[in-house]
Amino acid sequence: MNRSPGLAGVLSVLFPGLGHLYAGATARGLALAGAFIALLQEELVPFVLAVWIFGIVNAIRTAEEIVRAHAEGRPAAVSLDRNWATGLMAAGVLATLALIPDLEWALRFWPLLLVWVGFRLYQGQPVIPGSAGAPAGTSGAVPPAEAADTARAAGPPPAPPAPEHGPPLARTDEEAD
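And the structure:
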């Protein structure tokens, strides 16, 4: 399936998501079109323009990836990933906030955020799930194969200390004198 990246870009100029649909990235195209329509209905012009421009650039890159993958005989990596999920959630939050005419009532509840953060810290859990001790951009989880390699490299666990002969004797007050 050889799709033209240029035509994918032109179709995305006409309507965000069309270029992705043409290129074969159906899920991306539908997600982008849905986000565009939601933001357009709420008249969030700066975000509508951002989604539109992003859609054009991403449609071209997606079509290029599909053509490259087809030429190499491998499947194209064009599924929805975490970045897409984050973008869709952000678009949904913005559209929802635009629906609420008066947010003053919500600002009264900001101390609940402090309670939640304190509760997570009290339990010894990270405030942001998956971030405890992990470098930025990682999930913090160690793949099972890597964990097994680490355990093998560390060697056998140390042997427990040898028990003393017999139970310890309790001293009485008479023996202490």
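Residues in the sequence shown are numbered from 655 upward in steps of one, following the working numbering. Note that beta-carbon positions come from the ideal geometry of N, C-alpha and C, so glycine has one too. Bear in mind the structure is a predicted one, so any value in this text is a computation, not a measurement.
_If I follow the unbroken alpha helix (DSSP H) through V664, where does it start and stop?_
Your numbering for residue 664 matches position 10 in the sequence shown. Where V664 is concerned, the enclosing alpha helix (DSSP H) stretches over 659–668.
_Suppose the cutoff is 6 Å on Cβ atoms and the five residues either side in sequence are ignored; what does the same chain contact list for R682 look like?_
Position 28 of the sequence shown, counted from the first residue, corresponds to residue 682. So the qualifying residues of the chain are H674.
*Could you tell me how far apart the beta carbons of G671 and A687 are, in whole angstroms, since I believe they sit closer than 8 Å?*
For the purposes of this step, residue 671 is identified with residue 17 of the sequence shown, where counting begins at 1. For the purposes of this step, residue 687 is identified with residue 33 of the sequence shown, where counting begins at 1. Yes, they are in contact, since the Cβ atoms of G671 and A687 sit about 3 Å apart, within 8 Å.
*Could you check where the alpha helix (DSSP H) with F618 kicks off and where it finishes?*
What the structure shows of the chain is the stretch from 655 to 831, and residue 618 is not part of that stretch, so it cannot be assessed.
*Along the alpha helix (DSSP H) that carries Q779, what are the first and last residues, could you check?*
Along the sequence shown, one-based indexing puts residue 779 at 125. Run containing Q779: none; DSSP gives neither H nor E here.
*Rounded straight-line distance, which links the Cα of I691 to that of L684*: As a position in the sequence shown, residue 684 is number 30, starting the count at 1. As a position in the sequence shown, residue 691 is number 37, starting the count at 1. Straight-line Cα distance between these residues: approximately 10 Å.
*Under 8 Å between the Cβ atoms of T716 and V732?*
Along the sequence shown, one-based indexing puts residue 716 at 62. Along the sequence shown, one-based indexing puts residue 732 at 78. Yes, these two residues count as a Cβ contact at 8 Å.
*According to DSSP, is A679 helix, strand or coil?*
As a working note, residue 679 is residue 25 in the sequence shown. Three-state DSSP puts A679 in coil, outside helix and strand.
*Check each candidate in A713, G727, W738 and name the one with the smallest Cα separation from S658.*
Stepping through the sequence shown from its first residue, residue 658 is reached at position 4. Checked all of A713, G727, W738; the closest Cα to S658 is A713.
*Would you report the Cα separation of A749 and F701, rounded to the nearest angstrom?*
On the sequence shown, position 95 is the one that residue 749 refers to. On the sequence shown, position 47 is the one that residue 701 refers to. Rounded to whole angstroms, A749 to F701 spans 10 Å at the Cα level.
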